[in-house]
Structure formats: C-alpha cells, structure tokens
Amino acid sequence: MEENVSTPHTQLNSSTINESFDNGQSDHHNITEGRHHADSMTQQTSLMGYTPQTSHTIVIPPSAAIPTFNGNISENPRQFLIRVKEYAETINHWNDQALLNGISQFLRETALEWYCQLRTSNRRPQTWTEFIGIFLNQFNSPMRRARQEQHWKNCKQEENETINEFIVRLRTLWQEQKLNENKDDLIRHLMCKMRNNLLTMIGVSRCGSLDEIIIEAQKIEE
C-alpha cells in the first residue's frame with residue numbers, strides 16, 4: 001500500500017500556493033475596494049456640486065433681443081438710443097467710443113444706408129454725443145414730431161387698458177414730448193388722462209406719489 005507522505009518540500013509548496021492564493025485574493029480585494037472608493041468619491045463630488053474641471057459659459061443673447069433701427073417714421077429714435085446704449089454696456093461692455101465704432105451693427109435698411117453715406121462722405125461723427133445729435137436730426141423729423149404730438153394729445157386710458165399698461169404707454173410719449181418736465185408733471189398728466197370712473201374711485205389725493213396712485217388703481221381693478 002502506498003501512503004501519502006508529506007515531505008517538507010511538499011508542505012512548503014502547499015504553503016506557498018496558499019499564501020499566493022491569499023495574496024491574490026487580497027490584491028483583488030484591494031483593487032475592488034479602491035474602485036468602490038473612487039466611485040464613492042465621484043458620487044460624493046457630484047452630490048456636493050463640484051466638477052473636476054471648471055468651465056466658462058458664454059451667454060449669446062437671442063437675435064430678437066438686439067435693438068435695431070430701420071429708420072421708419074413709426075419707430076422711436078430716442079428709445080432706440082437708450083436701448084442700444086444699455087445693450088452695449090451690459091452685453092458687450094462697451095464704452096461710448098466702442099459703441100460709436102460699432103453702431104452700424106444695429107442699423108438696418110434706411111438707417112444703415114444713411115450711416116454708410118456719412119462714412120463715404122467723411123461726415124462720420126467723432127463722438128457718441130455728436131452721433132446722437134445728427135441721428136435725431138435725421139430721424140426725428142418735423143413730420144414725425146407732429147405725429148407724436150397728436151398721439152400725445154389723444155392719449156387717454158382705454159376702457160380695457162390696465163393702469164400698468166397705460167402708464168407705460170403714457171410715459172413713453174411723455175419722455176419724448178415733454179423733455180423738460182419732471183415726475184410731478186407726469187402725475188398731473190396721469191390724473192388728467194386716466195379713465196374718469198377710475199379717477200373718482202382712487203382714494204389718493206393729487207399730491208400723492210406716482211407709486212401710490214398706481215397701487216390704488218390696481219386695488220380698484222382687482
């Protein structure tokens with residue numbers, strides 16, 4: 001009969017194999033544990049709102065938001081100048097000189113043709129203030145001023161027009177027609193031009209502020 005005799009060499013090999021197997025399991029465990037730790041850190045980072053790389057977002061405004069001027073008699077040149085200056089400062093971070101240099105980007109049709117003629121005839125304005133003067137002389141014509149004056153005279157709050165809608169329409173005409181007036185004058189015009197039934201129900205005197213009058217009118221409309 002043969003007996004299984006375990007020699008020291010056999011025991012050593014067995015021990016080495018077992019140890020190697022244990023080490024393999026340990027390495028595999030460490031690798032797996034490391035992956036789990038990395039995944040956990042990634043999840044924590046995502047939950048905490050961190051990103052591994054910083055990114056810079058460039059906001060491009062829609063084309064509809066860009067103020068433009070065509071040169072039509074129905075357009076308000078003063079309003080355009082206010083809007084284009086605000087747009088240039090907030091979106092493009094331009095100063096007056098940069099706005100003057102880039103103003104053609106906002107002009108269309110007749111207005112753009114007029115500006116191109118200024119350049120070709122060497123009559124291009126050198127400052128933004130100078131541009132405002134010749135721009136208004138060109139597009140705020142006597143015919144347009146007469147038309148706007150008639151709009152101002154006929155400006156009354158309509159039956160289905162809210163006080164918020166009316167004050168915007170009234171102020172637009174007032175800013176163009178009454179350049180030398182102040183807010184007290186605007187209040188006086190508002191009281192004269194709002195609906196009579198609304199005026200009689202307002203519990204604010206004519207000495208009240210514009211905000212007080214609007215708030216009282218809003219309460220009545222509710």
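So for the sequence shown, full-length UniProt numbering puts the first residue at 1; every next one is plus one.
Here a beta-carbon is modelled for each residue, glycine too, at the ideal position from N, C-alpha and C.
Please read these numbers as outputs of a predicted model, since none were measured by experiment.
At the C-beta level, Ile-134 and Pro-125 come within 8 Å of one another. Residue state for Leu-179 is assigned as coil, using DSSP reduced to three classes. Excluding sequence positions up to five before and after Lys-178, its CB lies less than 6 Å from no other CB in the same chain.
Contact annotation, Ile-167 with Ile-214: C-beta distance approximately 6 Å; criterion of less than 8 Å satisfied. Listed as beta-bridge partners of Phe-69 by DSSP are Leu-107. The alpha-carbon of Pro-77 is positioned some 13 Å away from that of Arg-108.
In the structure shown, the three-state DSSP call for Gly-208 is coil.
By the C-beta density criterion, Ile-202 is buried, having at least 16 other C-beta atoms within 10 angstroms. Around the beta-carbon of Ile-163, 16 or more other beta-carbon atoms lie within 10 Å, marking it buried.
Annotated three-state conformation of Lys-153 is helix, per DSSP.
Contact between Thr-110 and Asn-70 is confirmed by a C-beta separation of about 6 Å, below the 8 Å threshold.
Residue environment analysis places Leu-136 among the exposed positions, since fewer than 16 neighbouring C-beta atoms fall within 10 angstroms of its C-beta. Take Gln-79, set aside five residues on each side of it, and no residue of its chain has a beta-carbon closer than 6 Å to its own. By the neighbour-count definition (other C-beta atoms within 10 Å, threshold 16), Gln-157 is a buried residue.
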